[in-house]
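Structure first, commentary second.
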Amino acid sequence: MPRDEIPPGTLYMMILRTLARAEKMHGFEIASAIQQRSQEVLHVEEGSLYPALQRMLVKGWVTAKWDRTADNRRARYYRLTSAGRKQLEAEVSQFERVIGAVQRVIETA
Amino acid sequence: MEFFGEIWRRLTFLLKRRQFDRDLEDEMRLHRELRAQAHAKEGMESAEARQTAKRQFGNTLLLRERSRDQWGFAWLDTFLQDIRYGLRQFRRNPAFASAAVGVLALGIGASVAIFAFVDAALIKPLPYSNPARLVAVSEGNRAMRRTNLSYLDYLDWNRLNTVFDSLEVWTGNGYLLRTASGTQPARGANVSSGFFRTLGVAPILGHDFHAGDDLPNAERTVVLSYGAWQKWFGGSRNVIGQSVVLSGEDYTVVGVLPRDFQFAPRGGADFWTIIQPSNTCEKRRSCHNLWGVARLKPGVSVDAAQADMQTIARLLEKRYPDSNRGQSATVMPLSQVIVGTVRPILLILFGGAGLLLLIACINVASLLLARSESRKREIAVRGALGASPLRLIRLLATEAMVLVAAGCCLGLLSAAWAANSLIRLVPQDMLTNMPYLQGTGLSPRVWAFAGAVAVLATVLLSAAPSLHVSLSDMREGLVEAGRGSSGTLWRRLGAKLVVLELAIAVILLVGAGLLSKSLYRLLRVDLGFQPDHLATLTVVLPDSRYKNNDQIVALARQIQNRVSALPGVRSAAISTVLPVSYNGNTWWIRIVGRPYNGEHNEVNMRDVSAGYLSTLRAKLLSGRYFTDAEDASKPRVVIINRAFAQKYFPGQNPIGQRIGDYVLSRNSIMEVIGVVDDIREGALDSEIWPAIYVPFNQDPDTYFSVVVRTSQLPESLLPAIDAAIRQADPGLGTVEQTTMAARIQASSTAYLHRSAAWLIGGFAGLAFLLGVVGLYSVVAYSVSQRYHEFGIRLALGAGKGDLFRLVLGRGLFLSLAGVGIGLVGAFSISRLLSSLLFGVSAGDPWTFAAVASLLTVVALTACYFPARRATRIDPNVALRYE
């Protein structure tokens, strides 16, 4: 199954978007959700996921709390904060603007 | 807002780093387990699933570091790690670490302690409101820049000037305080009514003087110092309105000054009263007894004020030529008047301490350099394993910082201790006049200075080994096994450092030598009398009870008779001013029968008893001393000193000449009956002024000193002398019971010279030691490094003498280079000492020669031991030596 690299700079946006859909998620769930949503095209490396989550904690976009999973394992759940929601909107609109522009450039005449 | 939230989150992270690591660990473990579970579901075997999950996850350690990096404290971890590493290094080599820390503590401690004094005296502003605008105002003349101001001149200056917001005057005063336990002398000051307002000081209790308090019929009022309030009034708030008897007069207490109030020009004054111009002196324009202090108008410079006052002084000179001829005005910043005498000494000491600090840093730097030489291999291995040069430099800098931090802590402790002990060494009398030194210690500015010193030292100390890292070739470090080309850099740089150390040591030694020689000359200066076996004290009579001159003369006679009768006393005499006090208390004289051009011939005037000059054992050059019988009923007579005779009667016989005051008023005419050799009336280092000695019995005063020549130790007789004088009249006060020798030793001139000589001497001694030790270690190290080479030389037929000469020659070269550079440096710097030197020139060839030979001899001795070791090398052992 071919897997593509996540375009640089979009990981935060995708994590934020994924968290915005659910109430709370732990790291593995976030990675799986992104993978599923992208129909197995995008694969989130653990090596980038956890540093990214830490970065988002520093920025205050998400909060983390320990809780139990459905099958009673301890897991750290991340929730979106209002600052995170604002950041998501900003990143999405910027991304769309950029992607629209890129498309216009590469459109065949 | 968000910014602070982020800072807050980062800081909480800093405190919970362990928790963070555990959380991340748990989180990642769960991730791997779930992944393995997923793989198992896809049909993998559980072991394989776990393996794959683990492989996919990658390097957890790296991941953890990268996650942690997000919080931005990576540098802290590295830093702590480096510190731990540094500490471990030093624990492994305690001799090196303690030597380095000790030397640094010495340098830092000395410079911080001296800086504490510099701060207290020169940097901390005077405790008045807007002190930069306060100036000291005085008269002046050709002989002295600052002289007292007369009251009438003050009134004119105050009326005519356009540069001051206010101009006030003050003068020192002594009071006899009547207390329940008897009469006590107390220090006081007379001030004009706006004095405290001009300084910007308000009483904490009661009120200040009011304008008009100085009118002749106004109630006499007094403002107390905080100390006087505590000491004599128990700090009671009811003190305002109470009456206090000072020298027999009733005063009403109107105010109490703040605890931190100080006025250095009249240190320790407890009773502040107002100047009542009813005194005879205040009515004469030629009677100078006041000092001025003024607040400049905003925007007016000291120079502008000086110019304005000078104009007024010229005006008065024209209007009152008799009294004001040659009288100019002097305006100076108040701070300059207060700390002017200690400023050069403090700056010299600060410079000395700075040099010591520099030498300490160089010493430790060369220690570090030598050590980095032996750590070459370790550094090379680290480099090979991927540490960047920057990272290595950071490691070495952190190590240097650990050393400096330890040295700085120890240095601050010793500085606090040293500042404290130095303060305690200052004679009490001097400390009273230097209130600004109170509270000398670790002020915020001193902390800041110590911090700056620490940063500089760290930079300096990390520079040396870092240079090593950046210059040396890693590969070479890995390959070589500690011989051959090793140590070339150290030998070159280390040798330069040691030359620098020796040069600095020479500069400090020359400074110490000059100051010591100056002190020696000062304490052996010709006084014109014999200072040993002289007891002295000062007597204050209550003016109110001694209004009549005959009463004073009678009491003075009685005091001399009582004291002379004491066992162990050879003779007793009195004078209004003791020798080695000050040039001043002057008179303007004129010689009868000479044309007079109106200029003021200022001479020291001392009212002395008949036995005074013989009690001092002064040398009579011609004529005779006066007798006790020569009192107001007899013609007036005077004895002059040699300087007077040379200036006013060159080539003539002064005996029989007559002199008088500047208008030759009839009752001032005196006949010269004797010439005495110059007695040092002023400070030890001041020049000799023309002086006249007038019979006390013809010109008595209620304030005089008693001089007693004893046959046994003078201090042992002081209590008996004091008691005998008090028996003559229990209402009089006695102060300053001491001996002439102690007075001279404790005089501020002697003290300042002594402290400069001792402290710079101490710095120089330490610098000398560090320099010689530095030289020794350079030479000894080079011998140990060239062990192998020397073995080959011996095997090839070199004689032991050749090796000895080789090593000693190198030591000699280094020490001569150090001494030479040091002498040149000392020669150009020692001129800064000129103002502190007495009886020795800044370029004194003997001092320079002595320092140069001392240092060369000691340096050669230090090199002798490693040189001898070189001769004892066994070529068999040396060739096998790796």
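Sequence lines, in order, name chains A and B.
Numbering-wise (our numbering), the first sequence opens with residue 1 and increments by one.
Numbering-wise (our numbering), the second sequence opens with residue 1001 and increments by one.
Using N, Cα and C, we set each Cβ at its ideal position, and we do this for glycine too.
Looking at the structure shown, is B:F1057 part of a helix, part of a strand, or coil, going by DSSP? Numbered from its first residue, the second sequence carries residue 1057 of chain B at position 57. Of the three classes helix, strand and coil, the one that applies to B:F1057 here is helix, per DSSP.
Practice problem: Would you check if the distance between the CB atom of B:L1500 and the CB atom of B:I1760 is smaller than 8 angstroms? | Solution: The sequence position of residue 1500 of chain B within the second sequence is 500, counting from 1. The sequence position of residue 1760 of chain B within the second sequence is 760, counting from 1. No, the Cβ-Cβ distance between B:L1500 and B:I1760 is not below 8 angstroms.
- Query: Nearest-angstrom Cα distance between A:R85 and B:R1018?
  - Reply: The residue you call residue 85 of chain A lines up with position 85 of the first sequence. The residue you call residue 1018 of chain B lines up with position 18 of the second sequence. The straight-line gap from Cα to Cα measures roughly 30 angstroms.
For this session: Would you grab the beta carbon distance between B:V1608 and B:W1689 for me? Rounded to a whole angstrom, and I think it's under 8 angstroms.
Result: Against the second sequence, residue 1608 of chain B aligns to sequence position 608. Against the second sequence, residue 1689 of chain B aligns to sequence position 689. Rounded, the Cβ-Cβ distance is 16 angstroms, inconsistent with contact.
### Task
Tell me whether B:V1135 sits in a helix, a strand or coil according to DSSP, three-state version.
Here the question's residue 1135 of chain B lines up with position 135 in the second sequence. In the structure shown, the three-state DSSP call for B:V1135 is strand.
Problem set entry | Cutoff 7 angstroms; reference B:A1741; Cβ partners in own chain excluding five residues on either side | Along the second sequence, read from residue 1 onward, the residue named residue 1741 of chain B stands at position 741. Close CB contacts of B:A1741 within its chain, under the 7 angstroms cut and outside five residues either way in sequence, are with P1531, D1532 (chain order).
TODO: Give, in chain order, every unbroken run of the beta strand (DSSP E) that is at least 3 residues long and sits entirely within the segment 1234-1315 of chain B.
DONE: Runs of the beta strand (DSSP E) inside the segment 1234-1315 of chain B: 1243-1246, 1249-1256, 1271-1274, 1288-1296.
Worksheet item: If B:A1313 sits next to B:V1163, beta carbons under 8 angstroms apart, how far is it from one beta carbon to the other, in whole angstroms?
Response: As a working note, residue 1313 of chain B is residue 313 in the second sequence. As a working note, residue 1163 of chain B is residue 163 in the second sequence. Actually they are not in contact, since the Cβ atoms of B:A1313 and B:V1163 sit about 13 angstroms apart, beyond 8 angstroms.
Open item on the list: I'd like the span of the alpha helix (DSSP H) that includes B:W1075, first residue to last.
Closed with: Translated into the one-based positions of the second sequence, residue 1075 of chain B becomes position 75. The continuous alpha helix (DSSP H) containing B:W1075 extends over residues 1074-1092.
Under 8 angstroms, Cβ to Cβ, is there at least one residue of chain A near B:D1014?
The residue you call residue 1014 of chain B lines up with position 14 of the second sequence. Reading the sequence as shown, one finds Leu at residue 1014 of chain B and not Asp. With 8 angstroms as the cut-off, B:L1014 does not count as an interface residue toward chain A.
**Message:** Mapping the DSSP letters down to three states, classify A:M56 as helix, strand or coil.
**Reply:** Along the first sequence, one-based indexing puts residue 56 of chain A at 56. If DSSP states are grouped into helix, strand and coil, A:M56 belongs with the helices.
Checklist entry - Excluding the five sequence neighbours on either side, which residues of its own chain have a C-beta within less than 6 angstroms of the C-beta of B:I1639, listed in chain order? => result The residue given as residue 1639 of chain B occupies position 639 in the second sequence. The residues are G1674, V1676, Y1693.
Margin query: Considering only their Cβ atoms, is the gap separating B:A1415 from B:V1708 smaller than 8 angstroms?
Written below: In the second sequence, residue 1708 of chain B corresponds to position 708, counting from 1. In the second sequence, residue 1415 of chain B corresponds to position 415, counting from 1. With respect to the 8 angstroms criterion, B:V1708 and B:A1415 are not classified as neighbours on the basis of their beta carbons.
- Message: Can you tell me whether B:G1484 is helix, strand or coil according to DSSP?
- Response: Numbered from its first residue, the second sequence carries residue 1484 of chain B at position 484. Since pLDDT at B:G1484 reaches only 45, below the 50 mark, its modelled position is unreliable, and the value read off the structure follows with that caveat. In the three-state scheme derived from DSSP, where H, G and I count as helix and E and B as strand, B:G1484 is classed as coil.
Inset, instruction - Please name the residue or residues paired with B:Y1956 in a DSSP beta bridge. - result: Any question about residue 1956 of chain B goes unanswered here, given that chain B covers just 1001 to 1882.
Q) Thinking C-alpha only, which one of B:W1272, B:Q1428, B:R1492, B:L1836 is nearest B:R1220? A) Numbered from its first residue, the second sequence carries residue 1220 of chain B at position 220. The alpha carbon of B:R1220 has as its nearest neighbour, out of B:W1272, B:Q1428, B:R1492, B:L1836, the alpha carbon of B:W1272.
Helix, strand or coil: how does DSSP classify A:R97 here? Taking the first sequence and counting its residues from 1, the one referred to as residue 97 of chain A is at position 97. DSSP, reduced to helix, strand and coil, places A:R97 within a helical segment of the structure shown.
- So which residues of chain B does A:G60 contact, with C-beta pairs closer than 8 angstroms? For the purposes of this step, residue 60 of chain A is taken as the residue at position 60 of the first sequence. Neighbours of A:G60 in chain B, taken as residues whose beta carbon is under 8 angstroms from its own, are E1002, G1005, E1006, R1009 in chain order.
Residues sharing a beta bridge with B:P1185, DSSP: The residue given as residue 1185 of chain B occupies position 185 in the second sequence. According to the DSSP secondary-structure assignment, B:P1185 is paired through a beta bridge with B:L1176.
Checklist entry - Buried or exposed: which applies to A:N72, given that a residue is buried once 16 or more other Cβ atoms fall within 10 Å of its Cβ? => result In the first sequence, the residue the question calls residue 72 of chain A occupies position 72. Classification of A:N72: exposed, given that the 10 Å Cβ count is below 16.
Measure from the C-beta of A:E5 to each C-beta in chain B and report whether the shortest distance is under 8 angstroms.
Counted from its first residue, the first sequence places residue 5 of chain A at position 5. For A:E5, the answer is no, since every Cβ of chain B falls outside 8 angstroms of its Cβ.
message = Can you give me the C-alpha to C-alpha distance between B:R1726 and B:I1574, rounded to a whole angstrom?
response = As a first step, residue 1726 of chain B must be located in the second sequence, where it is residue number 726. As a first step, residue 1574 of chain B must be located in the second sequence, where it is residue number 574. Put simply, the backbone Cα of B:R1726 is about 15 angstroms away from that of B:I1574.
Spatial distance of B:L1890 from B:V1773 (CA atoms)
An answer regarding residue 1890 of chain B cannot be provided, because it is not within the stretch 1001 to 1882 covered by chain B.
Next item on the list: Mind reading off the beta-carbon distance from B:V1101 to B:A1406? Whole number of angstroms is fine, and I expect it under 8 angstroms.
Entry: Here residue 1101 of chain B refers to the residue found at position 101 of the second sequence. Here residue 1406 of chain B refers to the residue found at position 406 of the second sequence. A Cβ-Cβ separation of about 5 angstroms places B:V1101 in contact with B:A1406 under the 8 angstroms criterion.
Rounded to whole angstroms, what's the CA-CA distance from A:T63 to A:L80? Just pull it up for me. By one-based count along the first sequence, residue 63 of chain A stands at place 63. By one-based count along the first sequence, residue 80 of chain A stands at place 80. A:T63 and A:L80 have their C-alpha atoms spaced approximately 7 angstroms apart.
With respect to the alpha helix (DSSP H) encompassing B:D1550, which residues constitute its N-terminal and C-terminal limits?
For the purposes of this step, residue 1550 of chain B is taken as the residue at position 550 of the second sequence. B:D1550 -> alpha helix (DSSP H) spans 1549-1564.
Q: Pull up the distance between the alpha-carbon of B:L1879 and that of B:N1093, whole angstroms please.
A: Counting from 1 along the second sequence, the entry for residue 1879 of chain B is found at position 879. Counting from 1 along the second sequence, the entry for residue 1093 of chain B is found at position 93. About 28 angstroms.
- Task: Run the CB neighbour count on B:A1565, radius 10 Å, all protein chains shown included, and call it buried at 16 or more, exposed below.
- Result: Sequence index remark: in the second sequence, residue 1565 of chain B carries index 565 (1-based). Label assigned to B:A1565: exposed.
*Return yes when the Cβ of B:P1203 is within less than 8 angstroms of the Cβ of B:V1256, no when it is not.*
Sequence index remark: in the second sequence, residue 1256 of chain B carries index 256 (1-based). Sequence index remark: in the second sequence, residue 1203 of chain B carries index 203 (1-based). Using a Cβ distance threshold of 8 angstroms, B:V1256 and B:P1203 count as a contacting pair.
Just list the alpha helix (DSSP H) runs in the segment 1729-1809 of chain B, keeping only unbroken ones of 4 residues or longer that don't cross its boundaries, in chain order. 1740-1746, 1748-1785, 1787-1795, all fully within the segment 1729-1809 of chain B.
| query | Apart from the five residues just before and just after B:G1482, which ones in its own chain have a Cβ nearer than 6 angstroms to its Cβ? | reply | On the second sequence, residue 1482 of chain B is found 482 positions in, with the first residue counted as 1. Because B:G1482 carries a pLDDT of 47, less than 50, the predicted location of this residue cannot be relied on, and the following value inherits that uncertainty. Counting only Cβ-Cβ distances below 6 angstroms, and skipping sequence neighbours, we find nothing.
Notebook entry, point to check: For B:A1365, which residues from the same chain have a beta carbon less than 8 angstroms from its beta carbon, with the 5 sequence-adjacent residues on both sides left out?
Noted result: If you number the second sequence from 1, residue 1365 of chain B lands on position 365. L1460, L1461, A1463, A1464, L1497.
Inset, instruction - Would you list, in chain order, the members of the segment 59-82 of chain A that have their beta-carbon closer than 9 angstroms to a beta-carbon of chain B? - result: Identification of residues in the segment 59-82 of chain A having a C-beta nearer than 9 angstroms to some C-beta of chain B yields K59, G60, A64, W66, T69, R73, R74, A75, R76, given in sequence order.
- Query: Nearest chain C C-beta to B:F1057 closer than 8 angstroms, yes or no?
  - Reply: Going by chain labels, chain C is absent from the structure shown, which instead holds the protein chains A and B.
How many angstroms separate the CA atom of B:R1159 from the CA atom of B:S1166?
The residue you call residue 1159 of chain B lines up with position 159 of the second sequence. The residue you call residue 1166 of chain B lines up with position 166 of the second sequence. Take the alpha-carbon of B:R1159 and the one of B:S1166: they are about 10 angstroms apart.
**Coil, strand or helix - B:S1193 by DSSP** = By one-based count along the second sequence, residue 1193 of chain B stands at place 193. B:S1193: coil per DSSP, three-state reduction.
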